[in-house]
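The numbering of the sequence shown is the working numbering, which starts it at 5 and goes up by one.
This report concerns only the one structure given below.
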Amino acid sequence: MARDDDYFRKRLLNVLCATWTAQACSVFALLGLADRIAAGTTGGAELAAVAGVDPVALRRLLAALADAGVLRQTGPDDFTLSGMGEYLRTDAPGSVRDTAVLYGQEVFASFAGLLDTVRTGRPAFTDRFGESFYQYLGGHPELAATFNGAMSTAPEPPPPPARLFDDARTVVDLGGGDGGLLADLLRARPELRGVLVELPEAAARGRVRLAGAGVLDRVDVVVGSFFDRVPAGGDRYVLRRVLHNWDDGNVARVLSRVRAAIPAGARLLVLEELLPAQPQRAGAGAGTWGAPRNRIVDLLMLVLMEGRDRTAAEYGRLLADAGFAVAGVTDGAIEAVPV
Numbered sequence: 005m006a007r008d009d010d011y012f013r014k015r016l017l018n019v020l021c022a023t024w025t026a027q028a029c030s031v032f033a034l035l036g037l038a039d040r041i042a043a044g045t046t047g048g049a050e051l052a053a054v055a056g057v058d059p060v061a062l063r064r065l066l067a068a069l070a071d072a073g074v075l076r077q078t079g080p081d082d083f084t085l086s087g088m089g090e091y092l093r094t095d096a097p098g099s100v101r102d103t104a105v106l107y108g109q110e111v112f113a114s115f116a117g118l119l120d121t122v123r124t125g126r127p128a129f130t131d132r133f134g135e136s137f138y139q140y141l142g143g144h145p146e147l148a149a150t151f152n153g154a155m156s157t158a159p160e161p162p163p164p165p166a167r168l169f170d171d172a173r174t175v176v177d178l179g180g181g182d183g184g185l186l187a188d189l190l191r192a193r194p195e196l197r198g199v200l201v202e203l204p205e206a207a208a209r210g211r212v213r214l215a216g217a218g219v220l221d222r223v224d225v226v227v228g229s230f231f232d233r234v235p236a237g238g239d240r241y242v243l244r245r246v247l248h249n250w251d252d253g254n255v256a257r258v259l260s261r262v263r264a265a266i267p268a269g270a271r272l273l274v275l276e277e278l279l280p281a282q283p284q285r286a287g288a289g290a291g292t293w294g295a296p297r298n299r300i301v302d303l304l305m306l307v308l309m310e311g312r313d314r315t316a317a318e319y320g321r322l323l324a325d326a327g328f329a330v331a332g333v334t335d336g337a338i339e340a341v342p343v
């Protein structure tokens, strides 16, 4: 069947307009309107009154979101949440409310500087806000809370293959967030002990999650940065969704710290969504953990921080430079041994 002559033009226009819809979702989330609608306030004028915003402007925002499928317009000035809109509630399982807020503010401002980033190679975020992304989070606790909320509700990657932990006794999870990986591992394997290395806020959340899983008594929670110190004595060291946040120089620093601490016979597991080694069909693997990484996400890394996504071969070269040899690559898990 022949396509409409305007098919590709229309598709491109939809791509170009996507930022408008994303920004509308962000404003809707920031104002807390999904929670208001879920609680029974569905009229545009009422929502404007409780949010303290202009009623005409808000009605136009709500109508646009209804056209986008985020809301349902059930009357001239009446709106309910669609299936998508439900995920902008703060209390919804899998809520993306914090993600919407984050993407609409500092992230949106950073993408406005994409041209400068392409010209200079420097993250637009740093140029716009005067310091690196993680430094900025440290001085802006409200944004840090939003960022942590977005990360905590992101889809959990599937667990690494169980065989990677055969004969393990102590698993050291570096930058392990709220301890989810250790919680799952230690529940399944009562013979294991764990070490969670995290910064203070994440370490506190880790203690809560590990206690809830009933395994906190088998985990040492080490508050600190893996840039400064890596605990010795483990036989599995894990870096899950960590290295892509950093440039090659900082990745080398982290791997060198691990290499100095890791005993002979132990193994390092690098768990990342890997870029494909070869060009992929547009959209291939998007949204599927373990499938080739969508390079649009790498663009986010480019403008936001000094990190980047990498192929397995690129990680392999960094590991080799730090004194490791790659023993295998399976489902996004790179297994390395000290040499």
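Note that the Cβ used here is the ideal one computed from N, Cα and C, for glycine as well.
Bear in mind that the values here come from a model prediction, so they are computed numbers and not experimental data.
Requested in this report: For Q77, name the three-state secondary structure that DSSP assigns.
Outcome: Here Q77 sits in strand by DSSP.
Query raised in the report: Taking Cβ positions, are P165 and T315 nearer each other than 8 Å?
Result: Going by C-beta atoms, P165 is not nearer than 8 Å to T315.
**Report entry** For A68 and Q77, believed in contact at Cβ under 8 Å, the rounded distance
**Finding:** Taking C-beta atoms under 8 Å as the contact rule, Q77 and A68 fail to qualify, at a distance of about 10 Å.
Query - Whether A154 touches L203 by CB criterion (8 Å) - result: It is not a contact, given that the beta carbons lie outside the stated cut-off.
Query - Secondary structure of T348, DSSP reduced to three states - result: Residue 348 is absent from the model: the chain starts at 5 and stops at 343.
Requested in this report: Let me know the secondary structure DSSP gives P342 once reduced to three states.
Outcome: The three-state secondary structure of P342, taken from DSSP, is strand.
Query raised in the report: Taking C-alpha atoms, which residue in R245, E310 and W250 lies nearest to L4?
Result: Because the chain spans 5 through 343 in this model, residue 4 falls outside it and cannot be assessed.
Query raised in the report: Among F133, A148, W250 and A43, which residue has its Cα nearest to the Cα of T94?
Result: Comparing Cα-Cα distances from T94 to each of F133, A148, W250 and A43, the minimum goes to A43.
**Report entry** Bounding residues of the beta strand (DSSP E) (the contiguous stretch that carries Y241)
**Finding:** In this chain, the beta strand (DSSP E) harbouring Y241 covers R240 to R244.
Query raised in the report: Just checking, does the stretch 174-186 make contact with the stretch 239-256 on the three C-beta pairs under 8 Å criterion?
Result: Yes: at least three Cβ pairs fall under 8 Å.
**Report entry** Simplified DSSP state of Y46, which is helix, strand or coil
**Finding:** In the sequence as displayed, the identity of residue 46 is Thr instead of Tyr. It is coil, neither helix nor strand.
Query - alpha helix (DSSP H) runs contained entirely in the stretch 204-241, provided each spans 4 or more residues - result: Scanning the stretch 204-241 from its first residue to its last, the whole alpha helix (DSSP H) runs of 4-plus residues come out as 204-216.
Query raised in the report: Rounded C-beta distance between G143 and G183? I'm assuming under 8 Å.
Result: Wrong, their Cβ atoms sit about 26 Å apart, outside the cutoff.
Query raised in the report: Do V255 and V223 have their C-beta atoms within less than 8 Å of each other?
Result: When the beta-carbon positions are compared, V255 and V223 stay at least 8 Å from each other.
Query raised in the report: Cα-Cα, which of D251, G237 and Y140 is closest to L306?
Result: Out of D251, G237 and Y140, D251 has the C-alpha closest to the C-alpha of L306.
Report task. Give every residue of the same chain whose Cβ lies closer than 6 Å to the Cβ of G291, excluding the five residues on either side of it in the sequence, and list them in chain order. Result -> With a pLDDT of 47 at G291, under the threshold of 50, the predicted position of this residue should be treated as unreliable, though the coordinate-derived value follows. The beta carbon of G291 is closer than 6 Å to none in its chain, skipping five residues each way along the sequence.
Requested in this report: Starting from the Cα of P163, find the closest Cα among L189, D171 and I266 and give me that residue.
Outcome: The shortest C-alpha separation from P163 is found at L189.
Query raised in the report: Three or more C-beta pairs closer than 8 Å, one from the stretch 309-327 and one from the stretch 260-277: is that the case here?
Result: With the cut-off at 8 Å, the stretch 309-327 and the stretch 260-277 touch.
**Report entry** Within 8 Å, strictly: CB atoms of A49 and P59
**Finding:** Yes, these two residues count as a Cβ contact at 8 Å.
Report task. Return helix, strand or coil for V330, following the three-state DSSP convention. Result -> The answer is strand: DSSP assigns V330 an E or B state.
Query - Residue range of the beta strand (DSSP E) that includes G198 - result: Run containing G198: R197 to E202, per the beta strand (DSSP E) assignment.
Requested in this report: Determine which residues share a DSSP beta bridge with T273 and list them.
Outcome: A small correction: the amino acid at residue 273 is Leu; Thr does not occupy that position in the sequence shown. V242 and E339, per the DSSP bridge assignment.
Report task. Counting only the same chain and skipping the five closest in sequence on each side, list residues whose C-beta sits under 7 Å from that of R257. Result -> The beta carbon of R257 sits closer than 7 Å to those of F231, all from its chain and outside the five residues before and after it, given in chain order.
Requested in this report: State buried or exposed for A33, treating a residue as buried only when at least 16 other CB atoms are found within 10 Å of its CB.
Outcome: That one is buried.
Requested in this report: Taking all protein chains shown into account, decide if I266 is buried (16 or more other Cβ within 10 angstroms of its Cβ) or exposed.
Outcome: It is buried - the Cβ of I266 has at least 16 other Cβ atoms within 10 Å.
Requested in this report: Assign D325 to one of three DSSP states: helix, strand, or coil.
Outcome: Residue state, collapsed to three classes: helix.
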